[in-house]
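Residue numbers (our numbering): 118 to 248.
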(Lines of atoms letter the chains of each structure in order from A and count residues from 1; the text may use other names and numbers.)
(Lines give C-alpha, C1' and ligand atoms only; values in the text may rest on other atoms or scores of the structure.)
Protein backbone atom coordinates (compact mmCIF):
# COMPACT_ATOMS: atom_id res chain seq x y z
CA UNK A 1 0.00 0.00 0.00
CA UNK A 2 1.18 3.53 -0.62
CA UNK A 3 0.11 7.10 -0.04
CA UNK A 4 2.52 8.45 -2.66
CA UNK A 5 5.97 7.22 -3.75
CA UNK A 6 7.66 7.96 -0.41
CA UNK A 7 4.98 6.60 1.94
CA UNK A 8 4.69 2.83 1.52
CA UNK A 9 3.15 0.43 4.02
CA UNK A 10 3.91 -3.29 4.33
CA UNK A 11 0.97 -5.17 5.88
CA UNK A 12 1.90 -8.56 7.35
CA UNK A 13 0.01 -11.28 9.20
CA UNK A 14 -1.35 -14.79 8.88
CA UNK A 15 -4.10 -15.81 6.49
CA UNK A 16 -7.46 -14.49 7.67
CA UNK A 17 -5.96 -11.76 9.89
CA UNK A 18 -7.58 -8.90 7.97
CA UNK A 19 -4.80 -7.80 5.61
CA UNK A 20 -7.09 -7.45 2.61
CA UNK A 21 -9.82 -5.71 4.63
CA UNK A 22 -7.27 -3.19 5.91
CA UNK A 23 -5.86 -2.70 2.41
CA UNK A 24 -9.35 -2.04 1.00
CA UNK A 25 -10.07 0.42 3.82
CA UNK A 26 -6.80 2.22 3.06
CA UNK A 27 -7.69 2.33 -0.65
CA UNK A 28 -10.97 3.99 0.36
CA UNK A 29 -8.82 6.63 2.14
CA UNK A 30 -6.78 7.29 -1.02
CA UNK A 31 -3.98 4.72 -0.84
CA UNK A 32 -2.88 2.70 -3.85
CA UNK A 33 -2.10 -1.00 -3.97
CA UNK A 34 1.55 -1.83 -4.59
CA UNK A 35 1.44 -5.62 -4.20
CA UNK A 36 -0.77 -8.36 -2.79
CA UNK A 37 0.28 -11.81 -1.54
CA UNK A 38 3.86 -11.48 -2.80
CA UNK A 39 5.94 -8.34 -2.46
CA UNK A 40 9.42 -7.87 -3.85
CA UNK A 41 11.52 -5.71 -1.53
CA UNK A 42 14.87 -4.23 -2.49
CA UNK A 43 17.27 -2.05 -0.57
CA UNK A 44 18.69 1.09 -2.18
CA UNK A 45 21.16 2.87 0.10
CA UNK A 46 19.33 3.21 3.44
CA UNK A 47 15.81 2.78 2.05
CA UNK A 48 13.58 -0.17 1.17
CA UNK A 49 11.37 -0.19 -1.91
CA UNK A 50 8.45 -2.52 -2.61
CA UNK A 51 6.91 -3.66 -5.87
CA UNK A 52 4.77 -6.52 -7.14
CA UNK A 53 6.07 -9.43 -9.20
CA UNK A 54 5.08 -8.89 -12.85
CA UNK A 55 2.78 -11.93 -12.95
CA UNK A 56 0.49 -10.54 -10.23
CA UNK A 57 0.94 -6.78 -10.63
CA UNK A 58 -2.39 -4.97 -10.33
CA UNK A 59 -4.22 -7.94 -8.83
CA UNK A 60 -5.66 -8.35 -5.34
CA UNK A 61 -7.26 -11.53 -4.06
CA UNK A 62 -10.47 -10.73 -2.21
CA UNK A 63 -11.69 -13.73 -0.23
CA UNK A 64 -15.05 -14.92 -1.50
CA UNK A 65 -14.86 -12.73 -4.62
CA UNK A 66 -11.72 -13.87 -6.42
CA UNK A 67 -9.19 -11.63 -8.12
CA UNK A 68 -9.84 -7.91 -8.43
CA UNK A 69 -7.88 -5.71 -10.84
CA UNK A 70 -6.92 -2.39 -9.26
CA UNK A 71 -5.00 0.71 -10.23
CA UNK A 72 -1.63 0.35 -8.57
CA UNK A 73 1.54 2.19 -7.75
CA UNK A 74 4.47 0.39 -9.38
CA UNK A 75 7.03 1.21 -6.68
CA UNK A 76 6.90 2.68 -3.17
CA UNK A 77 9.44 3.43 -0.49
CA UNK A 78 8.53 1.44 2.61
CA UNK A 79 8.15 3.54 5.77
CA UNK A 80 5.81 1.51 7.98
CA UNK A 81 5.07 -2.14 8.79
CA UNK A 82 1.65 -3.09 10.14
CA UNK A 83 1.71 -6.56 11.69
CA UNK A 84 -1.74 -8.12 12.09
CA UNK A 85 -0.32 -11.20 13.82
CA UNK A 86 -1.36 -12.70 17.14
CA UNK A 87 -1.87 -10.73 20.31
CA UNK A 88 -4.30 -8.11 21.56
CA UNK A 89 -3.79 -4.47 20.60
CA UNK A 90 -2.13 -2.31 23.24
CA UNK A 91 -3.72 0.97 24.24
CA UNK A 92 -0.46 2.96 24.45
CA UNK A 93 2.23 0.75 22.93
CA UNK A 94 5.89 1.77 23.04
CA UNK A 95 7.51 2.80 19.77
CA UNK A 96 8.54 -0.31 17.87
CA UNK A 97 10.43 -1.08 14.69
CA UNK A 98 11.03 -4.03 12.40
CA UNK A 99 14.34 -4.43 10.61
CA UNK A 100 14.23 -5.76 7.04
CA UNK A 101 17.44 -6.11 5.02
CA UNK A 102 19.23 -3.96 7.60
CA UNK A 103 16.73 -1.08 7.43
CA UNK A 104 14.59 -0.28 10.49
CA UNK A 105 10.96 0.59 9.72
CA UNK A 106 8.33 1.90 12.11
CA UNK A 107 6.09 -0.97 13.31
CA UNK A 108 2.48 -1.05 14.46
CA UNK A 109 1.65 -4.44 15.96
CA UNK A 110 -2.02 -5.47 15.90
CA UNK A 111 -3.38 -1.92 16.07
CA UNK A 112 -7.00 -1.36 16.95
CA UNK A 113 -8.95 -1.49 13.65
CA UNK A 114 -11.69 1.07 14.29
CA UNK A 115 -9.87 4.27 13.38
CA UNK A 116 -6.77 2.68 11.88
CA UNK A 117 -7.31 3.48 8.17
CA UNK A 118 -7.87 7.19 8.83
CA UNK A 119 -4.99 7.39 11.34
CA UNK A 120 -2.63 5.66 8.91
CA UNK A 121 -3.67 7.98 6.10
CA UNK A 122 -2.77 11.06 8.14
CA UNK A 123 0.50 9.50 9.36
CA UNK A 124 1.59 8.53 5.85
CA UNK A 125 0.54 11.83 4.28
CA UNK A 126 2.74 13.60 6.85
CA UNK A 127 5.66 11.32 5.90
CA UNK A 128 5.10 12.04 2.22
CA UNK A 129 4.94 15.79 2.88
CA UNK A 130 7.88 15.98 5.30
CA UNK A 131 10.09 13.33 3.67
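Note that CB positions come from ideal geometry on N, CA and C, so glycine has one too.
Query: Which full runs of the beta strand (DSSP E) of 3+ residues lie inside the stretch 178–202, going along the chain?; Result: 183–186, 193–200
Query: Compare the C-alpha of residue 201 against each of 121, 125, 118, 134 and name the closest.; Result: 134
Query: Can you confirm whether residue 235, when its beta carbon is compared against all beta carbons of chain B, has any partner nearer than 9 Å?; Result: Going by chain labels, chain B is absent from the structure shown, which holds only one protein chain.
Query: Taking 8 Å as the cut-off, does the stretch 176–194 touch the stretch 121–137 (at least 3 CB pairs, one atom from each stretch)?; Result: yes
Query: Across the stretch 207–215 and the stretch 186–196, are there enough close Cβ pairs to call them in contact, namely three or more that are closer than 8 Å?; Result: no
Query: Nearest CA to the CA of residue 220: which residue from 244, 161, 186, 239?; Result: 161
Query: The alpha helix (DSSP H) spanning residue 173 covers which residue range?; Result: It is not in any alpha helix (DSSP H) - residue 173 carries neither H nor E in the DSSP assignment.
Query: Would you mind working out which of 198, 121, 141, 146 sits nearest residue 156, comparing C-alpha positions?; Result: 198
Query: My output table needs one value for residue 160: the three-state DSSP class, helix, strand or coil.; Result: strand
Query: Please state whether the Cβ-Cβ distance between residue 226 and residue 204 is less than 9 Å.; Result: yes
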